[in-house]
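In this note's numbering, the protein residues as written are 216 to 300.
Reviewing the structure listed below.
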């Protein structure tokens with residue numbers, strides 16, 4: 216339907232989160248961060264994020280992370296984007 220619901224967004228699990236038996240100690244923290252990210256994308260609060268809003272959010276994140284504005288993310292920019300040194 217060209218939109219993500221909160222349930223669909225939260226159901227996506229990567230890495231150890233995909234396996235309930237192997238989830239790391241930060242699983243709950245990461246899920247809370249995902250929920251906050253969904254809320255940021257759901258600008259009208261209707262519980263659905265249309266494709267265009269999802270893409271616009273990703274573009275804004277990329278542009279914010281691209282500190283030297285060269286149109287590419289270097290490893291340090293990518294790590295900083297994810298709060299890693």
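Note that CB positions come from ideal geometry on N, CA and C, so glycine has one too.
Requested in this report: Alpha carbon to alpha carbon, how far is residue 230 from residue 299? Give it in angstroms, no decimals.
Outcome: In a straight line, the C-alpha of residue 299 is about 17 Å away from that of residue 230.
Query raised in the report: Once you ignore the five residues that flank residue 263 on each side, which residues in its own chain have a CB closer than 6 Å to its CB?
Result: 218 and 220
Query raised in the report: Does the beta-carbon of residue 257 have 16 or more other beta-carbons within 10 angstroms, so that it is buried, or is it exposed?
Result: buried
Report task. With DSSP collapsed to three states, give me the class of residue 275. Result -> helix
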